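So the structure is just underneath, and the comments pick up after that.
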Amino acid sequence: MHRFVFSIFLCFAAIAPFLNCGVLADVVTCSGIVPMRYRNDKISITDFGGVGDGVTMNTKAFRVAIYRIEHLRRRGGTLLYIPPGEYLTESFNLTSHMTLYLARGAVIKATQDTRYWPLIAPLPSYGRGRERPGGRYMSFIHGDGLHDVIITGENGTIDGQGSVWWNMWRQRTLQFTRPHLIEFMNSKNIIISNVIFKNSPSWNIHPVYCSNVVIQYLTILAPPDSPNTDGIDPGDVGDHPDDKFDPNALPVVKDVTIKNVWGEKVQQAGSIHGLSNSPFTGICLSNINIHGGTTKGPRKTPWQCSDVSGGAVEVSPWPCSELTSASQTGACSIPF
Ligand SMILES: *[C@@H]1O[C@H](CO)[C@@H](O)[C@H](O)[C@H]1NC(C)=O
Ligand SMILES: *[C@@H]1O[C@H](CO)[C@@H](O)[C@H](O)[C@H]1NC(C)=O
Numbered sequence: 001m002h003r004f005v006f007s008i009f010l011c012f013a014a015i016a017p018f019l020n021c022g023v024l025a026d027v028v029t030c031s032g033i034v035p036m037r038y039r040n041d042k043i044s045i046t047d048f049g050g051v052g053d054g055v056t057m058n059t060k061a062f063r064v065a066i067y068r069i070e071h072l073r074r075r076g077g078t079l080l081y082i083p084p085g086e087y088l089t090e091s092f093n094l095t096s097h098m099t100l101y102l103a104r105g106a107v108i109k110a111t112q113d114t115r116y117w118p119l120i121a122p123l124p125s126y127g128r129g130r131e132r133p134g135g136r137y138m139s140f141i142h143g144d145g146l147h148d149v150i151i152t153g154e155n156g157t158i159d160g161q162g163s164v165w166w167n168m169w170r171q172r173t174l175q176f177t178r179p180h181l182i183e184f185m186n187s188k189n190i191i192i193s194n195v196i197f198k199n200s201p202s203w204n205i206h207p208v209y210c211s212n213v214v215i216q217y218l219t220i221l222a223p224p225d226s227p228n229t230d231g232i233d234p235g236d237v238g239d240h241p242d243d244k245f246d247p248n249a250l251p252v253v254k255d256v257t258i259k260n261v262w263g264e265k266v267q268q269a270g271s272i273h274g275l276s277n278s279p280f281t282g283i284c285l286s287n288i289n290i291h292g293g294t295t296k297g298p299r300k301t302p303w304q305c306s307d308v309s310g311g312a313v314e315v316s317p318w319p320c321s322e323l324t325s326a327s328q329t330g331a332c333s334i335p336f
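Residue numbers (full-length UniProt numbering): 1 to 336.
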């Protein structure tokens, strides 16, 4: 298995068209934007019948536990503890004011039975599923309209068991667009940290129409030939398949910091494409080392950019000129 291990720190000051994030101007540190809250109230998935034997379905346990968090509304929110073990489940929705905490050795495993993956509406800014017309499969772990959500722990694993989806994609038998491992929509104040993501059906982490999302200290794993298993996609991409999207729903992507990245055997250094009617601004790349590589030996693999501006500090290979403009060095001035 090809390892693309990185400790990444993203700070999305705004990726929503309708949220005013001007208040962020005073924020001193990026990680300080979203506090890592301590939750007094703690429950364990085993309190709800969860069985970590890798075989038992835990869908009901997750849904009931999260329903309980949503409706009891304990002061300061609730931590849902996942002990060591393999918890097989269908997809589930998170709720506000919760921490999903994976212990060391805990694995939340997605069912491979694609009949049990629910469909949801396409994104309004996209107009249809990205891969197939119509709706799209809901992400394995999903959040819509939430705030104050933390996914963390002791580097437990969220395993999408994506090979069934990759095979359908290869055999062109997909009926609808593949699910992401985690998607947050219309949400704010989210932290994802100290988790291992593995074998996502498609993109691993997709925050969209969100603000104040901090993603750090992750390991993301997938075989090199797995299709579209991107790590973090904050609102990509410009390839609209048709004109049935809402042009007023285009996200504003700005002040995204990508820091401390180490890549090996990476075929493409980076590809940052803004939307032609909504360019990405204030992008900061800092301390990034990406080593190219095919079996034929190391190869410099350039960045690709369009409709983007920002600054760069200690980046190798050196990024495209759009990301190194002197007027934008301020993009990297936020200390953290
Ligand atoms: C999960 O959220 C989606 C999208 O918000 C919704 O359509 C679906 O009914 C929810 N599922 C459950 C089990 O609550
Ligand atoms: C978890 O993984 C992250 C990223 O690799 C690392 O920085 C951190 O030290 C690890 N934490 C533990 C408790 O092993």
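Beta carbons are placed, not taken as given, at the ideal position from N, Cα and C, and that holds for glycine.
Just so it is clear, the structure is predicted and the values come from calculations on it, not from any experiment.
| query | result |
| --- | --- |
| Is the segment 185-192 in contact with the segment 59-78, if contact means three or more CB pairs nearer than 8 Å? | no |
| What did DSSP end up calling K42 once you bin it into helix, strand or coil? | strand |
| On the criterion of 16 or more Cβ atoms from any shown chain inside 10 Å, does V55 qualify as buried, or is it exposed? | exposed |
| If you compare alpha carbons, which of P207, Q112 and T89 is closest to L146? | P207 |
| Work out the CA separation of P124 and F245 for me, nearest whole Å. | 6 Å |
| Kindly identify the DSSP beta-bridge partner or partners of F280. | V308 |
| Assuming I108 and Y81 make a contact with CB atoms under 8 Å, what is their CB distance in whole Å? | About 12 Å; that fails the 8 Å criterion. |
| Rounded to whole angstroms, what's the CA-CA distance from E322 to H291? Just pull it up for me. | 21 Å |
| Using beta-carbon positions only, say whether E131 and S202 come within less than 9 Å of one another. | yes |
| Find the nearest neighbour of A61 within the set G49, L174 and H71, judged by alpha-carbon distance. | G49 |
| Count the other C-beta atoms from every protein chain shown that fall within 10 angstroms of the C-beta of H180, then say buried if there are 16 or more, exposed otherwise. | buried |
| So what does Y116 bridge to, in DSSP terms? | None, per the DSSP bridge assignment. |
| Tell me where the alpha helix (DSSP H) around S163 begins and ends. | S163 to R170 |
| Residues in its own chain within less than 6 Å of T95 by CB, not counting five upstream and five downstream? | I66, I69 and E70 |
| Please list, in chain order, all residues of the same chain as S276 whose beta carbon is under 6 Å from its beta carbon, the five residues on each side excluded. | D307 |
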